[in-house]
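Visitor:
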């Protein structure tokens, strides 16, 4: 663990990328990323919180100076102040640190040998990093970038999406501003652009390296959740507070389909692995029954009788290896369902011990090589809970991780045992 902490604190500017595995390098090239190999010239990254028409103003600033908004409310971003944010010399935001490339090889060895020689190393032991320049209001969502997770995005009620360089400078390297609280974010498959939405009836597609807004998509209501179609990278679905779902084609910037027959605000949505159908959950509860809470969609609503408890659900997640999905319930437990019709609820097994209490608490499965062996959840009291999938028992809990509700938690896609959490205290924490 000391070695891991040292890698977090210092990373050599002249790491020999050639020692990384051939498979990892191929993955890197196929995904369109660049690796800083011959580092010679310093390079600073300009952080902009403006729209496309104002991006040119940033170019007039000195190279070692960036602009970060000092926010005071959802709709007023306040005065801009200068702060120096530097990446390691010769690198770009999307460069993949070599320690991530090395971890890819380790994970493949574990998967190939089908033997967990690190025991419970998927469970973090302590807090490693507190990202500086925290949000001034609560954080709703966090997402690692693409397949390698070289940077992290966080969406906040202060009206900003912040991009963090976690493993090098540990600083915010890009700020995307909205005219309202930001509810959800979603990276595209390559990790080069990011969708963001919130309480301004608008979805933005932003280029990460340049900070420019590529496209904007207007909606009739506030947008609360986003997902890219796994089989069509140019298509995404947006869930709203009242008017259901809208499916967009980004290339043509037009609506493909609208799902108007809906019940309540969309809290979360997930595509089936084959992209044939869509799962949604809402806050709709009537007559002591939430029978329209979890809905399976095709061209129309296929089933709305999946979860019939008198509690709404805040999050949905599909198991990466088994034909199941889970729903975070306001009844203070995570329910398990079959991922095939008639999508039955498992009444003998559920994950309980954490509290939800009406807060937008999310959960997530562990990635490869564990591949869903563990489930992680936030908590309304600020704790983090780790569950074993096979036994549904609590493996570990971290009490008082946040001052207030811990809203979102997620494993790093490559670095085993590395977890990020966020909460209504505005902090983003890295555990390992």
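Residue numbers (full-length UniProt numbering): 1 to 432. Where a beta carbon is used, it is the ideal one built from N, C-alpha and C, also for glycine.
1) Just to confirm my understanding: we take residue 158, look at its own chain, exclude 5 residues before and 5 after, and list those with CB closer than 6 Å. What are they?
2) Count the C-beta pairs between the region 360-374 and the region 335-342 that are closer than 8 Å, then say yes if the count reaches three, no if not.
3) Residue 384 and residue 420: beta carbons closer than 8 Å?
4) Using a 10 Å radius around the Cβ and a threshold of 16 neighbouring Cβ atoms, would you call residue 426 buried or exposed?
5) Whose C-beta lies closer than 6 Å to the C-beta of residue 245 among residues of the same chain, with five residues either side of it excluded?
6) Rounded C-beta distance between residue 201 and residue 220? I'm assuming under 8 Å.
7) Measuring CB atoms only, is the region 205-212 touching the region 221-231, in the sense that at least three cross pairs come out at less than 8 Å?
8) Quick one, are the C-beta atoms of residue 100 and residue 208 less than 8 Å apart?
9) Going by beta carbon distance, what residues of the same chain come within less than 8 Å of residue 149, once the five residues before and after it are set aside?
10) Taking the beta carbon of residue 391 as the centre, do at least 16 other beta carbons fall within 10 Å, making it buried, or is it exposed?
11) Determine, using beta carbons only, whether residue 163 and residue 204 come nearer to each other than 8 Å.
12) Between 353, 316, 294, 318, which has its C-alpha nearest residue 397's C-alpha?
13) Give every residue of the same chain whose Cβ lies closer than 7 Å to the Cβ of residue 389, excluding the five residues on either side of it in the sequence, and list them in chain order.
14) Among 348, 380, 247, which has the Cα closest to the Cα of residue 357?
15) Hey, quick one: how far does the beta strand (DSSP E) through residue 162 stretch, first residue to last?
16) Could you check whether residue 297 and residue 277 sit closer than 8 Å to each other, using their CB atoms as the reference points?
17) Is the beta carbon of residue 151 sitting closer than 8 Å to the one on residue 145?
18) Buried or exposed: where does residue 255 fall if 16 or more other Cβ atoms within 10 Å of its Cβ makes it buried?
19) Taking the beta strand (DSSP E) that residue 233 falls in, what are its first and last residues?
20) Using DSSP bridges, identify the partner residues of residue 334.
21) Residue 133 and residue 197: beta carbons closer than 8 Å?
22) Since residue 387 sits in a beta bridge, which residues does DSSP pair it with?
23) Is DSSP giving residue 100 helix, strand or coil here?
24) What is the DSSP secondary structure of residue 415, reduced to helix, strand or coil?
25) Span of the beta strand (DSSP E) holding residue 278?
26) Any idea if residue 344 is buried or exposed, counting beta-carbon neighbours within 10 angstroms, 16 or more meaning buried?
27) Going straight from the alpha carbon of residue 306 to that of residue 316, what length do you get?
28) Along the beta strand (DSSP E) that carries residue 171, what are the first and last residues, could you check?
29) Does residue 136 come out as helix, strand or coil in the three-state DSSP assignment?
30) By the DSSP assignment, the beta strand (DSSP E) with residue 203 in it spans what residues?
31) In terms of alpha-carbon separation, which member of 222, 235, 130 lies closest to residue 253?
32) Given residue 355, which residues of its chain have a CB within under 7 Å of its CB, disregarding the five upstream and five downstream residues?
33) Would you tell me roughly how many angstroms separate the C-alpha atoms of residue 348 and residue 216, rounded to the nearest one?
34) Can you tell which of 199, 325, 284 has the C-alpha that lies nearest to the C-alpha of residue 311?
35) In whole angstroms, what is the alpha-carbon distance linking residue 418 and residue 430?
36) With distance defined between alpha-carbon atoms, name the residue in 394, 124, 266, 318 nearest to residue 272.
Guide: Looking at the atomic coordinates:
1) Residue 158 sits at position 158 when you count from the first residue of the chain shown. Once the five neighbours on either side are set aside, the close Cβ partners of residue 158 are 71, 135, 136, 137.
2) no
3) The count along the chain shown starts at 1 and reaches residue 384 at position 384. The count along the chain shown starts at 1 and reaches residue 420 at position 420. No.
4) Numbered from its first residue, the chain shown carries residue 426 at position 426. So residue 426 ends up on the buried side.
5) For the purposes of this step, residue 245 is identified with residue 245 of the chain shown, where counting begins at 1. Excluding residues within five positions, the ones whose Cβ falls inside 6 Å are 237, 239, 259.
6) Here residue 201 corresponds to residue number 201 of the chain shown, with the count starting at 1. Here residue 220 corresponds to residue number 220 of the chain shown, with the count starting at 1. Their Cβ separation, rounded to whole angstroms, is 7 Å, which keeps residue 201 and residue 220 in contact under 8 Å.
7) no
8) Translated into positions along the chain shown, residue 100 becomes position 100. Translated into positions along the chain shown, residue 208 becomes position 208. No, these two residues do not count as a Cβ contact at 8 Å.
9) Numbered from its first residue, the chain shown carries residue 149 at position 149. For residue 149, where only same-chain residues beyond five positions count, the Cβ hits under 8 Å are 100, 412, 413, 414, 415.
10) For the purposes of this step, residue 391 is taken as the residue at position 391 of the chain shown. By the 10 Å Cβ count, residue 391 comes out exposed.
11) Working through the chain shown from its first residue, we reach residue 163 at position 163. Working through the chain shown from its first residue, we reach residue 204 at position 204. Not in contact: residue 163 and residue 204 (Cβ atoms no closer than 8 Å).
12) Residue 397 sits at position 397 when you count from the first residue of the chain shown. Ranking the options by Cα distance to residue 397, first place goes to 353.
13) Translated into positions along the chain shown, residue 389 becomes position 389. Taken in chain order, the residues that qualify are 372, 373, 374, 375.
14) To locate residue 357, count along the chain shown from 1; it is residue 357. Residue 380 is the option with its Cα nearest to residue 357.
15) Position 162 of the chain shown, counted from the start, is the residue given in the question as residue 162. Per DSSP, residue 162 belongs to the beta strand (DSSP E) from 160-165.
16) Mapped onto the chain shown, residue 277 falls at position 277. Mapped onto the chain shown, residue 297 falls at position 297. The answer is yes: Cβ separation under 8 Å.
17) Position 151 of the chain shown, counting from 1, holds the residue named residue 151. Position 145 of the chain shown, counting from 1, holds the residue named residue 145. Yes, these two residues count as a Cβ contact at 8 Å.
18) As a first step, residue 255 is located in the chain shown; it is residue number 255 there, counting from the start. With fewer than 16 other Cβ atoms within 10 Å, it is exposed.
19) On the chain shown, position 233 is the one that residue 233 refers to. Where residue 233 is concerned, the enclosing beta strand (DSSP E) stretches over 232-240.
20) Against the chain shown, residue 334 aligns to sequence position 334. Partner(s): 328, 351.
21) Here residue 133 corresponds to residue number 133 of the chain shown, with the count starting at 1. Here residue 197 corresponds to residue number 197 of the chain shown, with the count starting at 1. Against a cut-off of 8 Å, the Cβ pair of residue 197 and residue 133 comes out as no contact.
22) By one-based count along the chain shown, residue 387 stands at place 387. Per DSSP, 375, 394.
23) Taking the chain shown and counting its residues from 1, one reaches residue 100 at position 100. It is helical.
24) What you label residue 415 is simply residue 415 of the chain shown in a count that begins at 1. Note: residue 415 maps to coil in three-state DSSP.
25) Here residue 278 refers to the residue found at position 278 of the chain shown. Where residue 278 is concerned, the enclosing beta strand (DSSP E) stretches over 278-282.
26) What you label residue 344 is simply residue 344 of the chain shown in a count that begins at 1. Looking at its Cβ environment, which holds fewer than 16 other Cβ atoms inside 10 Å, residue 344 is exposed.
27) For the purposes of this step, residue 306 is taken as residue 306 along the chain shown, with counting starting at 1. For the purposes of this step, residue 316 is taken as residue 316 along the chain shown, with counting starting at 1. Answer to the nearest angstrom: the Cα atoms are 13 Å apart.
28) The count along the chain shown starts at 1 and reaches residue 171 at position 171. First-last of the beta strand (DSSP E) with residue 171: 171-177.
29) For the purposes of this step, residue 136 is taken as residue 136 along the chain shown, with counting starting at 1. Note: residue 136 maps to coil in three-state DSSP.
30) In the chain shown, residue 203 corresponds to position 203, counting from 1. Where residue 203 is concerned, the enclosing beta strand (DSSP E) stretches over 202-207.
31) Here residue 253 is taken as the residue at index 253 of the chain shown, counted from 1. Ranking the options by Cα distance to residue 253, first place goes to 235.
32) On the chain shown, residue 355 is found 355 positions in, with the first residue counted as 1. Answer for residue 355: 332, 379, 380, 381, listed in chain order.
33) In the chain shown, residue 348 corresponds to position 348, counting from 1. In the chain shown, residue 216 corresponds to position 216, counting from 1. Roughly 45 Å separates the two Cα atoms.
34) In the chain shown, the residue the question calls residue 311 occupies position 311. Considering only alpha carbons, the answer is 284.
35) Residue numbering aside, residue 418 sits at position 418 when the chain shown is read from its first letter. Residue numbering aside, residue 430 sits at position 430 when the chain shown is read from its first letter. Answer to the nearest angstrom: the Cα atoms are 7 Å apart.
36) Taking the first residue of the chain shown as 1, we reach residue 272 at position 272. Checked all of 394, 124, 266, 318; the closest Cα to residue 272 is 318.
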